[in-house]
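A short write-up of the structure that comes next.
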Amino acid sequence: MKKWIFPLLFFLSAKCPAQTDTSKWLRAFPVTDYMVDLNDSVKVVQVEMPEGDVLKDKQLGLVRGVYTGSQADTVQKGYGRCNLIKGAYYYFSIGHNTSGEAIREGDLLYTFVDKTNIYFGQVPKLAAHFIELQDVYEKPFYNRYKVFLEWTASDEKALLD
Numbered sequence: 009m010k011k012w013i014f015p016l017l018f019f020l021s022a023k024c025p026a027q028t029d030t031s032k033w034l035r036a037f038p039v040t041d042y043m044v045d046l047n048d049s050v051k052v053v054q055v056e057m058p059e060g061d062v063l064k065d066k067q068l069g070l071v072r073g074v075y076t077g078s079q080a081d082t083v084q085k086g087y088g089r090c091n092l093i094k095g096a097y098y099y100f101s102i103g104h105n106t107s108g109e110a111i112r113e114g115d116l117l118y119t120f121v122d123k124t125n126i127y128f129g130q131v132p133k134l135a136a137h138f139i140e141l142q143d144v145y146e147k148p149f150y151n152r153y154k155v156f157l158e159w160t161a162s163d164e165k166a167l168l169d
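Take any residue in the sequence shown, count from 1 to its spot, add 8: that is its number in my numbering.
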């Protein structure tokens, strides 16, 4: 009887999925031009956070390149933690860059932020990846930061119409 208990418990535990954290959203923020090399493999990058968004000290962030000419530009350029907060500026020490591509101004730092009470439709999903849609006169349809402060289903419907 004891021979069957361990394999049975093993298979039962393999079927128990973990719950996802639904209190946070993954968002991207552009890296500013302020970058300092700490050593050969670690670089400090600065991110300016918009009004209403607050990150915690030691929060994890991942840097990805932006598309400029080929899909190879969008590689992961490293990850690290937030080590310094000065007002609206957050400083992340980024290492573990295995792509060989240097971090540049405008690359996106992905991190988790607390959810807000907005309508999370298609436009906030685009804005979470810092994607902006423009009309033919290059005027943006929405503000990528304000979407997360005040966005309703009627705003979404009006924009899509």
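Glycine included, C-beta positions come from ideal geometry on N, C-alpha and C. Computed from a predicted structure; not experimentally measured.
### Message
Taking its Cβ as the centre, do 16 or more other Cβ atoms sit within 10 Å of D169, making it buried, or is it exposed?
### Response
Residue mapping note: residue 169 aligns to position 161 of the sequence shown, counting from 1. Flag for D169 reads exposed.
### Query
Nearest-angstrom Cα distance between V50 and H104?
Mapped onto the sequence shown, residue 50 falls at position 42. Mapped onto the sequence shown, residue 104 falls at position 96. For V50 and H104, the distance between alpha carbons rounds to 8 angstroms.
### D163 versus A136, V131, E146, G114, residue with shortest Cα-Cα distance
On the sequence shown, residue 163 is found 155 positions in, with the first residue counted as 1. Taking only the C-alpha atoms, the option nearest D163 is V131.
### Query
Starting from S101 and walking both ways along the beta strand (DSSP E), at which residues does that stretch end?
In the sequence shown, counting from the first residue as 1, residue 101 sits at position 93. Unbroken beta strand (DSSP E) run through S101: 97-103.
### Message
Quick test of the definition: if touching needs 3 or more C-beta pairs under 8 angstroms, does the region 102-122 touch the region 68-75?
### Response
yes
### Simplified DSSP assignment, three categories, for A110
Taking the sequence shown and counting its residues from 1, one reaches residue 110 at position 102. In this structure, A110 counts as coil in the three-state DSSP scheme.
### Task
Would you kindly check if the distance between the Cβ of L63 and the Cβ of Y87 is under 7 angstroms?
Here residue 87 refers to the residue found at position 79 of the sequence shown. Here residue 63 refers to the residue found at position 55 of the sequence shown. Going by C-beta atoms, Y87 is not nearer than 7 angstroms to L63.
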